[in-house]
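So the structure is just underneath, and the comments pick up after that.
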Amino acid sequence: MVIIRSKYSYILRMQFLCYTYMKTYLTLLLPLSCCFSAFAQQEPSYIEKGKFTIGLNLQTVSYHIYYKEGKTQGSVRSGYFTPISINSGYQLSDRASLRFGIGLGGDRDKLTEQIQDVEYKHNSKTVALVSSLSLYHTFLNLYKKLPIYGTVSVVPAYGFTSLQTTHNGANGTDSHTAKEGGLNVFAMAGAGFNYQISNRLYGNMSYFFYKKNLSGMNSSHYDWDQGYGLRSITKSFEMGVNYKLGMER
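Here is the structure:
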């Protein structure tokens, strides 16, 4: 009889514990399910209304094109550019959109150095034609006013650099100019948010946490401002303004 009672009391205790755990889990899961249900039932925000957009994008990112011949390498800074782009976008779904951009960027640099008591002056100029294909996916839409998205981009860029070197030789001033061009492809990934300006106009800001040159080097010192502390963060942003061409009723 003692054994039967102990087994019976053990079963009752286990049933009580199971009931308590299930009650606790249901209490925790109910608010979460309500939140997910609310997100799922949201109406499309101003971002999803309309299929086509045009826009203007500015970046703080400094890209670096590496040329195969390497004529303009050395102490002088060459092959760098920060693009300004115009883009056209297409809304694929309530959450996803594609953007194609084309832009222009460039950089100038001057450097004076002394080698064996001879002064050399370097003047570098880079111009780059840039295109980009970007996918944006909204994973959180706060109150239908602040869509938060992730983005990935492929950025082909053709650059042209001219480097003029001048020094005082035995026969007077000597000047030499080296020119080269080349194509590099970059990959970018980041996250950001949109914000409404008017019924058809909205802005966006992105932070790129992944930047890679797929066809050149990725130096920790010369590329992406990686070796400059806070500068590597401030040189990773993109700001844009977009206009909806068609609004769905």
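When the letters of the sequence shown are read in order and numbered with mature numbering (1 follows the signal peptide of the UniProt record, and there is no 0), they come out as residues -40 to -1, 1 to 209.
Cβ atoms here follow ideal geometry from the backbone N, Cα and C, with glycine treated the same way.
Please read these numbers as outputs of a predicted model, since none were measured by experiment.
Can you look up Ile193 in the DSSP assignment and give me helix, strand or coil? Position 233 of the sequence shown, counted from the start, is the residue given in the question as residue 193. Correct three-state label for Ile193: helix.
Can you give me the Cβ contacts of Ser57 inside the same chain, cut-off strictly under 6 Å, excluding the 5 residues immediately before and after it? The residue labelled residue 57 in the question sits at position 97 within the sequence shown. The answer, listed in chain order, is Gly49, Gln51 and Tyr96.
Does the region 64 to 76 come within contact of the region 105 to 114, defined as at least 3 CB pairs closer than 8 Å? no
For Val36, collect the residues of the same chain with a Cβ closer than 7 Å to its Cβ; drop the 5 residues on either side in sequence, then sort them by chain order. Taking the sequence shown and counting its residues from 1, the one referred to as residue 36 is at position 76. Excluding its 5 nearest sequence neighbours in each direction, Val36 has C-beta neighbours in its own chain below 7 Å: Asp69, Leu71, His82, Ser84 and Leu123, listed in chain order.
Taking DSSP as the reference, what is the three-state secondary structure of Leu205? Translated into positions along the sequence shown, residue 205 becomes position 245. Coil, per DSSP.
Which first and last residues belong to the beta strand (DSSP E) in which Asp183 is found? Counting from 1 along the sequence shown, the entry for residue 183 is found at position 223. Premise fails: Asp183 is in no beta strand (DSSP E) and is neither H nor E.
Proximity below 9 Å, CB of Glu140 to CB of Gln19: As a position in the sequence shown, residue 140 is number 180, starting the count at 1. As a position in the sequence shown, residue 19 is number 59, starting the count at 1. Not a contact, by the Cβ cut-off of 9 Å.
Excluding the 5 residues flanking Thr133 on each side, which residues of the same chain have their C-beta closer than 8 Å to its C-beta? Walking along the sequence shown from the start, residue 133 turns up at place 173. Excluding sequence neighbours, Thr133 sits near Thr126 and His127.
Does the Cβ of Gln156 lie closer than 8 Å to at least one heavy atom of the ligand ADP? In the structure shown, the ligand ADP is absent, as is every other ligand, since no ligand is present at all.
Which same chain residues end up closer than 6 Å to Asp183 when comparing Cβ atoms and leaving out the 5 residues on each side of it in sequence? Within the sequence shown, numbered from 1, the residue matching residue 183 stands at position 223. Leaving aside the five residues that flank Asp183 on each side, the residues in its chain whose CB is nearer than 6 Å to its CB run, in chain order, His24.
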